Amino acid sequence: MEFYELLSSLSRSSASAVITLSKAPSNIERFKDYLHIETEIEQKFRDALEEGKERRGIVFLCGSSGDGKSELLRRYYDQYSKVYQFHLDATHSFKPDQNAVEALNELFDSHAVSDKPLVIGINIGMMFNYLNSGAGRHNLVKDAIKKFINGERKVNHLSFVSFEDYPKFSLAAGEVGSSFISQLLERVTSSTAENPLYQAYVNDSKKHSKIEYQNYRVLQERTVQELIVKLLLQARLKYDQFFSSRSLLDFIYHLIAGGQSIFDNLFNAYSGGLVGSLSSFDPCLIRSKRIDEFVVQQSLSVKEEAFESFKASLVGQYQIEIDKYTPSTWIRAFFLLRKVDIGNGYHRLFESDFEQPLFDEYVRIWQMHHAEKPDLKMLRKFYKDSLIESLRKFANRLVSKVVKDGIYIAERNGVVISSKVDLKMDPKRISGDQSNKINFFNAYLCIDDEEIQAFPVTISFLELSERVLGGYRPNRHDKNSVVILEEVIEDITAIAGQSSSLNFHKADNSTHWSLSLEYDEFVVEDLH
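Using UniProt numbering, you'd call the opening residue of the sequence shown number 1 and step up by one each time.
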């Protein structure tokens, strides 16, 4: 089978992208088997099948559309179909005039009188639908689904194995990235006899000058793969981007066969999805003196000896055609190849422009929040200098010239009311946090001994807080993060307003005084 034909099986639009119990053509089937990576959820699913064989129960394989449920069910169908009744997709009905909930009612009716246990692939959204609309005669199933939604994974004779319990990404120290995606990229590009795609590439030697073959050669670089995984992780953190197995395979197909160089394919949105979210990380959006000068020089066709030498080395290393490369293509190439040794290293002149301190800071703080023994000294510094200070600046943004020390509470009749509060990190709750979600960490604050409600800090929230420290005033484009900010400030001011000491400021900044309650007596003092 030809390289492009085999590569096309990765595309979302390929007929083989839709999984059924029937087999694909043998070459494609062999390629799929080669690409298969056994994950933790597969091990758990296999264990659940073994445990449920004798109990005539139900095994639910739960997740979202395209995450690999059907592929996993198909993989174990031959081995377990004599023991289990298989239902690949709970969104399908048995009759033209039947909806999915009615089909599930019929399925559970059939199971009730069967001597076989049942295994079913089901989207979590469909589980909510069945919980709300399923027949009352199946209340045992509905009650089990409710308990699953609340966190239980085994309810009597029903077992739930959920893709959401086994995330593809990790931020744990030493494990930042995705072992699954890294292995997938490695298998697609591996230069071995076991890789059907690579063997097809070798056999198609007469076509090696085509763009797909050029892109495949670049993608074989391990450091290029590592940077792509890092970009996908950033998209996961910033946009809460969902990555199904199907979308990842389609993404790899687009990188190689998107019609342009791999550098442009990576950042040019083609139909939303993964590449649509990656377009916001396009290095061409970075403004720096070095990048701007390069773009201007190339636009004016100014020759630079070091760059010309680099281009010759690049062509020789990957046998790629660069005649149609635009200045934007070159910036993207410098970005993606920055860890690769090429010629005189001209591309590494731009390496510092591509640094991502916000991402690195988020990972560092996330890891400290989830460490077995958190570095409380470093965390206090982050809370005091970054988080708490940005909260104070946001709270006082409309009265920053009036309230110099404290938290703004309210304004009445031209008088601004504030309170000086001891807002600080709450180390006890940080140490007890068991949450392991990577797209946020919980921040814990307290005023004296009174706890502030924990709130999620996402990478977008962290970015906004750093911009607030620099004097930025949030607007409607920051809506999601601003909502969290306002809720936190509301909690803080509710406690601050109960303080035994309040400060008052004339709105014109002419007069400042404090009012304190000491031994049942109010004390007024002038503030200078």
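Ideal placement from N, C-alpha and C gives every residue a C-beta, glycine not left out.
Just so we're clear, the structure is a prediction, and the values are computed from it rather than from any experiment.
> Based on the DSSP secondary-structure assignment, which residues constitute the bridge partners of Cys62?
Replying inline: Stepping through the sequence shown from its first residue, residue 62 is reached at position 62. Beta bridge pairing from DSSP links Cys62 with Ile122, Ser162.
> Distance, Cα to Cα, Ser261 vs Asn268?
Replying inline: Here residue 261 corresponds to residue number 261 of the sequence shown, with the count starting at 1. Here residue 268 corresponds to residue number 268 of the sequence shown, with the count starting at 1. Distance between the alpha carbons of Ser261 and Asn268: 10 Å.
> Where does Lys207 sit, in a helix, a strand or coil, going by DSSP?
Replying inline: Within the sequence shown, numbered from 1, the residue matching residue 207 stands at position 207. In the structure shown, Lys207 sits in a helix (DSSP, three-state: H, G or I).
>> Looking only at its chain, what residues have a beta carbon closer than 7 Å to the beta carbon of Ala200, apart from the 5 residues adjacent to it on each side?
In response: For the purposes of this step, residue 200 is taken as residue 200 along the sequence shown, with counting starting at 1. Closer than 7 Å at Cβ, skipping near neighbours: Met1, Glu2, Phe3, Leu6.
> Between Ile331 and Ile365, is the Cβ-Cβ spacing less than 9 Å?
Replying inline: Numbered from its first residue, the sequence shown carries residue 331 at position 331. Numbered from its first residue, the sequence shown carries residue 365 at position 365. In this structure, Ile365 does not lie closer than 9 Å to Ile331 by Cβ.
> Rounded to a whole number of angstroms, what is the C-alpha to C-alpha distance between Ile252 and Glu152?
Replying inline: Numbered from 1 along the sequence shown, position 252 holds the residue referred to as residue 252. Numbered from 1 along the sequence shown, position 152 holds the residue referred to as residue 152. Rounded to whole angstroms, Ile252 to Glu152 spans 35 Å at the Cα level.
>> Under 8 Å, with one C-beta from each stretch per pair, do the stretch 214-234 and the stretch 165-182 reach the 3-pair mark?
In response: yes
> Can we say the stretch 144-160 touches the stretch 90-104, given the rule of at least three CB pairs closer than 8 Å?
Replying inline: With the cut-off at 8 Å, the stretch 144-160 and the stretch 90-104 do not touch.
>> Can you find the residues in the same chain that come closer than 7 Å, C-beta to C-beta, to Arg380, ignoring five residues on each side of it along the sequence?
In response: Within the sequence shown, numbered from 1, the residue matching residue 380 stands at position 380. Same-chain partners within the cutoff: Met425.
> Tell me, which residues are paired with Met425 by DSSP?
Replying inline: As a first step, residue 425 is located in the sequence shown; it is residue number 425 there, counting from the start. Beta-bridge analysis with DSSP links Met425 to Leu445.
> DSSP three-state call for residue 584: helix, strand or coil?
Replying inline: This structure cannot speak to residue 584, because the chain is shown only from 1 to 528.
> What are the boundary residues of the alpha helix (DSSP H) that includes Phe180?
Replying inline: Residue mapping note: residue 180 aligns to position 180 of the sequence shown, counting from 1. Here the alpha helix (DSSP H) through Phe180 covers 179-189.
>> Could you compute how far the alpha carbon of Phe455 sits from the alpha carbon of Gly470?
In response: Position 455 of the sequence shown holds residue 455. Position 470 of the sequence shown holds residue 470. Looking at the two C-alpha atoms, the distance is approximately 22 Å.
> Where do the ends of the alpha helix (DSSP H) carrying Lys393 lie?
Replying inline: As a first step, residue 393 must be located in the sequence shown, where it is residue number 393. Element bounds for Lys393: 389-395.
> So what does His87 bridge to, in DSSP terms?
Replying inline: The residue labelled residue 87 in the question sits at position 87 within the sequence shown. Ile120, per the DSSP bridge assignment.
> Between the Cα of Ala371 and the Cα atoms of Ser431, Thr329, Ile388, Gln498, which residue gives the shortest distance?
Replying inline: By one-based count along the sequence shown, residue 371 stands at place 371. Looking from the CA of Ala371, the closest CA among Ser431, Thr329, Ile388, Gln498 belongs to Ser431.
> In whole angstroms, what separates the C-alpha of Val421 from that of Ser499?
Replying inline: Counted from its first residue, the sequence shown places residue 421 at position 421. Counted from its first residue, the sequence shown places residue 499 at position 499. If I take the Cα positions, the gap works out to 8 Å.
> Nearest CA to the CA of Val402: which residue from Pro374, Lys303, Gln434, Phe504?
Replying inline: Taking the first residue of the sequence shown as 1, we reach residue 402 at position 402. Residue Phe504 is the option with its Cα nearest to Val402.
>> Whole angstroms are fine: how far does the CA of Lys168 sit from the CA of Leu286?
In response: Numbered from its first residue, the sequence shown carries residue 286 at position 286. Numbered from its first residue, the sequence shown carries residue 168 at position 168. The question names Leu, yet the displayed sequence has Ile at residue 286. So the alpha carbons of these two residues sit roughly 28 Å apart.
> Per DSSP, Arg412 is paired with what?
Replying inline: Numbered from its first residue, the sequence shown carries residue 412 at position 412. DSSP lists Val415 as partners of Arg412.
> Roughly how many whole angstroms lie between the Cα atoms of Ser133 and Ile41?
Replying inline: Here the question's residue 133 lines up with position 133 in the sequence shown. Here the question's residue 41 lines up with position 41 in the sequence shown. Separation of Ser133 and Ile41 (C-alpha to C-alpha, rounded to the nearest whole angstrom) is 29 Å.
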